[in-house]
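Participant:
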Amino acid sequence: MKNTNIPYKIYLSEDELPKAWYNVRADMKNKPAPLLNPGTLQPMGFEDLRPVFCDDLIRQELDDDTPYFEIPAEIRSFYKMYRPSPLVRAYCLEEKLQTPAKIYYKFEGNNTSGSHKLNSAIAQAYYAKKQGLKGVTTETGAGQWGTALSMACAYLGLDCKVFMVKCSYEQKPFRREVMRTYGASVTPSPSDTTNVGRKILAEHPGTTGSLGCAISEAVEAATSVPGYRYVLGSVLNQVLLHQSVIGLEAKAALDKYGVKPDMIIGCAGGGSNLGGLISPFMGEKLRGEADYEFIAVEPASCPSFTRGKFAYDFCDTGMVCPLAKMYTLGSGFIPSANHAGGLRYHGMSPILSQLYHDGLMEARSVEQTAVFAAAEQFARCEGILPAPESSHAIRVAIDEALKCRETGEEKTILFGLTGTGYFDMVAYERFNDGTMTDHIPTDEELAPGFAGLPNVPEK
Ligand SMILES: *Cc1c(COP(=O)(O)O)cnc(C)c1O
Numbered sequence: 108m109k110n111t112n113i114p115y116k117i118y119l120s121e122d123e124l125p126k127a128w129y130n131v132r133a134d135m136k137n138k139p140a141p142l143l144n145p146g147t148l149q150p151m152g153f154e155d156l157r158p159v160f161c162d163d164l165i166r167q168e169l170d171d172d173t174p175y176f177e178i179p180a181e182i183r184s185f186y187k188m189y190r191p192s193p194l195v196r197a198y199c200l201e202e203k204l205q206t207p208a209k210i211y212y213k214f215e216g217n218n219t220s221g222s223h224k225l226n227s228a229i230a231q232a233y234y235a236k237k238q239g240l241k242g243v244t245t246e247t248g249a250g251q252w253g254t255a256l257s258m259a260c261a262y263l264g265l266d267c268k269v270f271m272v273k274c275s276y277e278q279k280p281f282r283r284e285v286m287r288t289y290g291a292s293v294t295p296s297p298s299d300t301t302n303v304g305r306k307i308l309a310e311h312p313g314t315t316g317s318l319g320c321a322i323s324e325a326v327e328a329a330t331s332v333p334g335y336r337y338v339l340g341s342v343l344n345q346v347l348l349h350q351s352v353i354g355l356e357a358k359a360a361l362d363k364y365g366v367k368p369d370m371i372i373g374c375a376g377g378g379s380n381l382g383g384l385i386s387p388f389m390g391e392k393l394r395g396e397a398d399y400e401f402i403a404v405e406p407a408s409c410p411s412f413t414r415g416k417f418a419y420d421f422c423d424t425g426m427v428c429p430l431a432k433m434y435t436l437g438s439g440f441i442p443s444a445n446h447a448g449g450l451r452y453h454g455m456s457p458i459l460s461q462l463y464h465d466g467l468m469e470a471r472s473v474e475q476t477a478v479f480a481a482a483e484q485f486a487r488c489e490g491i492l493p494a495p496e497s498s499h500a501i502r503v504a505i506d507e508a509l510k511c512r513e514t515g516e517e518k519t520i521l522f523g524l525t526g527t528g529y530f531d532m533v534a535y536e537r538f539n540d541g542t543m544t545d546h547i548p549t550d551e552e553l554a555p556g557f558a559g560l561p562n563v564p565e566k
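Taking our numbering, the leading residue of the sequence shown gets 108, the next gets one more, and so forth.
(1) Measuring from the CB of Cys374, is there a heavy atom of ligand 1 at a distance below 8 Å?
(2) Is Glu469 near ligand 1 - that is, is its Cβ less than 8 Å away from at least one heavy atom of it?
(3) Is the region 136-145 close to the region 460-468, with three or more CB pairs under 8 Å?
(4) Spatial neighbours of Met108 within its chain, please: CB distance less than 7 Å, with the 5 preceding and 5 following residues excluded, ordered by chain position.
(5) For Gly556, does the count of other Cβ atoms within 10 angstroms reach 16, so buried, or fall short, so exposed?
(6) Does ligand 1 have a heavy atom nearer than 8 Å to the CB of Ser408?
(7) Have a look at Gly216 and Gly316 and give me their C-alpha separation to the nearest angstrom.
(8) Does the beta-carbon distance from Thr519 to Pro410 come in below 9 Å?
(9) Could you pull out every residue in the same chain whose Cβ sits closer than 6 Å to the Cβ of Val338, ignoring the five residues on either side in sequence?
(10) Taking all protein chains shown into account, decide if Asp423 is buried (16 or more other Cβ within 10 angstroms of its Cβ) or exposed.
(11) Taking the DSSP output, what are the residues bridged to Cys267?
(12) Assuming Thr206 and Arg512 make a contact with CB atoms under 8 Å, what is their CB distance in whole Å?
(13) Roughly how far, in whole angstroms, is the beta-carbon of Gln210 from the beta-carbon of Leu200, given that I think they are within contact range, below 8 Å?
(14) Does the Cβ of Val342 lie closer than 8 Å to at least one heavy atom of ligand 1?
(15) Can you pull the DSSP bridge partners for Cys374?
(16) Kindly identify the DSSP beta-bridge partner or partners of Tyr335.
(17) I need the DSSP call for Ile547, collapsed to helix, strand or coil.
(18) Evaluate contact between the region 433-443 and the region 492-512, counting only Cβ atoms and requiring at least three cross-stretch pairs below 8 Å.
(19) Where does Met108 sit, in a helix, a strand or coil, going by DSSP?
(20) Measure the Cβ-Cβ separation of Ile307 and Tyr262 and say whether it is below 9 Å.
(21) Let me know if Ser460 comes out buried or exposed under the rule of 16 or more other beta-carbons within 10 Å of its beta-carbon.
(22) Taking the C-alpha atoms as reference points, what is the distance between Phe185 and Leu318?
(23) Once you ignore the five residues that flank Leu343 on each side, which residues in its own chain have a CB closer than 7 Å to its CB?
(24) So, helix, strand or coil for Gly313, using DSSP?
(25) Give the DSSP bridge partners of Thr435, in chain order.
(26) Please list the terminal residues of the continuous alpha helix (DSSP H) segment that includes Phe153.
(27) Please check the pair Leu347 and Ser456, which I expect to be a contact at CB under 8 Å, by giving their CB distance rounded to whole angstroms.
(28) Please work out which residues of its chain come closer than 7 Å, Cβ to Cβ, to Asp172, disregarding the five sequence neighbours upstream and downstream, and give them in chain order.
(29) Check the DSSP bridge columns for Trp252 and list the partner residues they point to.
(30) Is the distance from the Cβ of Lys599 to the Cβ of Ala249 below 9 Å?
(31) Using CA atoms only, rank isn't needed, just tell me which of Gly146, Asp122 and Pro114 is closest to Asp420.
(32) Given that a residue counts as buried once 16 or more other Cβ atoms are within 10 Å of its Cβ, and exposed if not, what is His311?
(33) Is it buried or exposed for Thr288, if we count other Cβ within 10 angstroms and need 16 for buried?
(34) What is the DSSP secondary structure of Ser120, counted as helix, strand or coil?
(35) Would you list the residues sitting across from Glu177 in a DSSP beta bridge?
Structure follows, in structure tokens:
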């Protein structure tokens with residue numbers, strides 16, 4: 108019954124690696140809202156953003172019209188070390204689920220950083236190098252982004268300063284050491300190396316830090332030393348642009364075999380992998396050439412899409428970054444302490460937020476014990492030990508495949524498998540020991556985050 112003409116893994120050749128990134132904004136009727144200056148509430152232009160970001164990246168960030176950006180040869184040759192990434196037909200999982208659905212996943216964990224983040228890290232480091240900068244600064248939580256960026260900087264000979272949330276720095280020493288192995292300097296945040304860090308330490312002695320605080324330190328470190336700029340691993344338009352390489356490859360591989368997915372599923376933290384995976388398919392939908400169902404999957408404990416507000420908000424807790432219009436829980440929102448499954452960002456990509464607002468994609472939230480159950484089921488039949496973040500997408504792919512078993516529909520499901528979970532074994536341990544719990548915030552628990560939203564008058 109199964110179409111055995113389709114191999115387990117569809118590889119593209121090096122020559123088939125995309126030559127340009129696709130900018131889905133070019134086909135959107137309602138463009139994502141512009142970034143605003145948090146002081147003046149005016150849209151931020153090229154000159155406003157120059158002290159913080161690299162010039163070429165600002166051009167990409169602000170360009171809502173150019174459909175394709177050529178991928179520079181140097182970035183393509185770096186991509187060739189680990190791309191094109193495999194598109195896998197999940198025959199074993201289909202068998203296990205006894206489903207008539209056809210399941211495919213695009214696997215982005217085949218590089219040392221273990222996730223899709225390297226796709227944008229190399230692009231951002233390249234443009235910093237091209238501008239003649241000495242180095243870049245960034246923040247990292249659990250460390251995936253910091254790892255990817257330090258690999259890219261090592262390759263190009265750029266200095267890389269990573270501010271790592273202090274509790275992760277102490278509790279997750281392995282990724283820290285991978286970063287140092289690639290030559291990055293890793294500072295636990297808050298630190299006494301920046302004004303904002305010293306201020307936070309004085310006000311909250313003994314704090315274990317937060318992503319928002321690490322962002323504020325990284326921005327200060329970039330803007331206070333000549334030759335440095337700040338880079339960010341998700342949320343921004345430029346990051347979705349770079350991640351479109353995932354979707355372009357997936358589409359090229361499926362087109363080779365004449366396969367058209369009915370449904371495309373991805374996990375959503377800041378939205379970069381999902382945005383990249385769906386971009387070329389969404390483009391077809393926006394141009395009226397094809398139709399697909401798109402599903403963003405987020406944790407029930409950090410439900411930006413499903414329970415957030417579509418509003419201007421700060422991108423960081425330190426409130427130093429521009430305001431972005433997005434689905435958000437408020438920059439003061441912190442997921443409950445039992446939350447292990449990643450994807451803990453309070454906001455969401457402005458591009459995906461606009462598409463969701465316009466009814467062009469759906470979102471679902473899932474609880475973490477259900478996510479880890481799906482992760483184990485997947486690991487046991489497909490062989491790959493998935494990242495907890497990726498496993499949100501696995502959960503919904505399995506749920507949809509089980510629905511097909513009930514209805515007999517032979518849907519084709521494509522999902523993004525963003526990375527591997529080898530550095531997340533403490534979370535797996537909690538699941539295996541039966542001590543992992545779920546927490547769904549009450550409306551009362553979400554209220555303070557919403558109350559902290561900045562007051563931006565509607566135009
Ligand atoms: C960072 C990360 C994510 C979430 O980030 P997005 O920007 O939403 O893609 C998902 N999976 C893995 C493995 C990650 O490292």
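Beta carbons: idealized from backbone N, C-alpha and C, even for Gly.
Facilitator: In terms of the structure at hand:
(1) Set against 8 Å, the gap from the CB of Cys374 to the closest heavy atom of ligand 1 is smaller.
(2) The nearest non-hydrogen atom of ligand 1 is 8 Å or more from the C-beta of Glu469.
(3) Yes, the region 136-145 is in contact with the region 460-468.
(4) In this predicted model, Met108 has a pLDDT of only 42, less than 50, meaning its place in the structure is not dependable enough to derive any value.
(5) With 16 or more Cβ atoms within 10 Å of its Cβ, Gly556 is classed as buried.
(6) No, Cβ of Ser408 sits at least 8 Å from all heavy atoms of ligand 1.
(7) Each residue's alpha carbon lies about 28 Å from the other.
(8) For the pair Thr519 and Pro410, the CB atoms are not nearer than the 9 Å cut-off.
(9) In chain order, Gln231, Val243 and Thr245 place their CB closer than 6 Å to the CB of Val338, counting only its own chain and leaving out the 5 sequence neighbours on each side.
(10) The residue in question, Asp423, is buried, as its Cβ has 16 or more Cβ neighbours within 10 Å.
(11) DSSP output for Cys267 lists Val243 as bridge partner(s).
(12) Correct: roughly 5 Å between the Cβ atoms.
(13) Note on residue identity: the sequence assigns Ile, not Gln, to residue 210. Cβ-Cβ separation between Ile210 and Leu200: approximately 6 Å, consistent with a contact (criterion under 8 Å).
(14) Indeed, a heavy atom of ligand 1 lies less than 8 Å from the Cβ.
(15) For Cys374, the beta-bridge partners assigned by DSSP are Val404.
(16) Per DSSP, Gly242.
(17) Three-state DSSP puts Ile547 in coil, outside helix and strand.
(18) Cβ pair count under 8 Å is below three, so no.
(19) For Met108, the predicted structure reports a pLDDT of 42, less than 50, and the residue's modelled location is therefore unreliable. A value from the coordinates is still provided. In the structure shown, Met108 sits in coil (DSSP, three-state: anything other than H, G, I, E or B).
(20) No, they are not a contact pair.
(21) Using a 10 angstroms sphere on the CB of Ser460, the tally of other CB atoms reaches 16 or more, which defines it as buried.
(22) For Phe185 and Leu318, the gap between their C-alpha atoms comes out near 29 Å.
(23) Cβ neighbours of Leu343 beyond the five flanking positions: Glu168.
(24) The answer is coil: DSSP assigns Gly313 none of H, G, I, E or B.
(25) Note: Thr435 sits in a beta bridge opposite Lys416.
(26) For Phe153, the enclosing alpha helix (DSSP H) begins and ends at Phe153 to Leu156.
(27) The beta-carbon distance between Leu347 and Ser456, rounded to whole angstroms, is 6 Å. This is short enough to meet the 8 Å contact definition.
(28) Here Asp172 has Ala133 as same chain residues with Cβ atoms under 7 Å from its own Cβ, once five neighbours each way along the sequence are excluded.
(29) DSSP output for Trp252 lists no bridge partner at all.
(30) Only positions 108 to 566 of the chain appear in this structure, which leaves residue 599 out of reach.
(31) Measuring from the Cα of Asp420, the nearest candidate turns out to be Gly146.
(32) So His311 ends up on the exposed side.
(33) By the neighbour-count rule (16 or more Cβ atoms within 10 Å), Thr288 is not buried but exposed.
(34) Ser120 falls in the coil class under three-state DSSP.
(35) Answer is Ala127, bridged to Glu177.
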